[in-house]
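> Numbering of the sequence shown is given in the numbering used here, commencing with residue 296 and proceeding in unit increments.
Glycine is no exception: its CB is placed at the ideal position from the N, C-alpha and C atoms.
All values derive from a computational prediction rather than experimental measurement.
Sending over a structure as structure tokens; questions will come in a sec.
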Amino acid sequence: MDVFCEYIVTKKKEALDYFIIFSVAVAVILLTYILMIVMFAFKSFASIVLLLIVGCWWGGIQLIKGRSMEFEYILTNHELDIDRIVARSRRKRLCSIDFKHIDVCASTSDPTFAHIYKNTAERKILNLAGDADAENVYFVDYSHESQQMRVLFQPSKRILDGIKKCAPRTVNVKEGDL
Numbered sequence: 296m297d298v299f300c301e302y303i304v305t306k307k308k309e310a311l312d313y314f315i316i317f318s319v320a321v322a323v324i325l326l327t328y329i330l331m332i333v334m335f336a337f338k339s340f341a342s343i344v345l346l347l348i349v350g351c352w353w354g355g356i357q358l359i360k361g362r363s364m365e366f367e368y369i370l371t372n373h374e375l376d377i378d379r380i381v382a383r384s385r386r387k388r389l390c391s392i393d394f395k396h397i398d399v400c401a402s403t404s405d406p407t408f409a410h411i412y413k414n415t416a417e418r419k420i421l422n423l424a425g426d427a428d429a430e431n432v433y434f435v436d437y438s439h440e441s442q443q444m445r446v447l448f449q450p451s452k453r454i455l456d457g458i459k460k461c462a463p464r465t466v467n468v469k470e471g472d473l
């Protein structure tokens, strides 16, 4: 029987996100102020300066909206696709994980797999969880094009159930998560 489920997780804003939003807002306001001074000094360029002001505000809004991210997990049979959705308008496929070929999948808070989770040597780590400090974050270790990869993600109960069915030996689910 085929398995298909989707789940969207909103990325929690961090201090860097708030700093970037604040910096962009301040830069747009300062640039608008400077352009207004230029417009009053050189009245012949007023239409060009107004276009520049509108462009600054549009660019600033786009940069601020770009800090809003979501991750969509799509499980189809034994393959998990993870997409990043930026500002609810742009989508990019970040990775595809075939659960028939993974090394291990377990909770980051599971003490049984703590020694594996702490071993990050020569692994490329993709943090695709909405909140990496949350309780329901899982990690998947696998090989992709001869590189060791680790993906952090926050699956729903349906996704956990689906991946547990397709790879019961390598997927380890905590008692309360199923």
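Taking 7 Å as the limit between beta carbons, can you name the residues of its chain near glycine 361, skipping five residues before and five after?
Excluding positions up to five away in sequence, the list reads Val381, Ala382.
> From this set, Tyr328, Glu440, Ile316, which residue's C-alpha is nearest arginine 418's C-alpha?
With distances taken between Cα atoms, arginine 418 lies closest to Glu440.
> Helix, strand or coil for glutamate 430 per DSSP?
Looking at glutamate 430 - three-state DSSP - the assignment turns out to be coil, as it is neither helix nor strand.
> Take the Cβ of proline 450 as the centre, count every other Cβ of all protein chains shown within 10 Å, and call the residue buried at 16 or more, exposed below.
Buried: at least 16 other Cβ atoms inside 10 Å.
> In chain order, which beta strand (DSSP E) runs of at least 3 residues are fully inside the segment 355 to 395?
Those beta strand (DSSP E) runs which fall completely within the segment 355 to 395 and span 3+ residues are 364 to 371, 374 to 381, 385 to 393.
> In whole angstroms, what is the alpha-carbon distance linking valine 435 and tyrosine 368?
Those two C-alpha atoms are separated by around 14 Å.
> Can you name the residues that DSSP bridges to glutamine 443?
Its beta-bridge partners are Arg418, Ser438.
> Evaluate contact between the segment 350 to 359 and the segment 392 to 399, counting only Cβ atoms and requiring at least three cross-stretch pairs below 8 Å.
Output reads no: the segment 392 to 399 does not touch the segment 350 to 359.
> Given 8 Å as the limit, is there contact between the segment 400 to 418 and the segment 326 to 335, that is, 3 or more CB pairs closer than that?
The answer is no - the segment 326 to 335 does not touch the segment 400 to 418, with fewer than three Cβ pairs under 8 Å.
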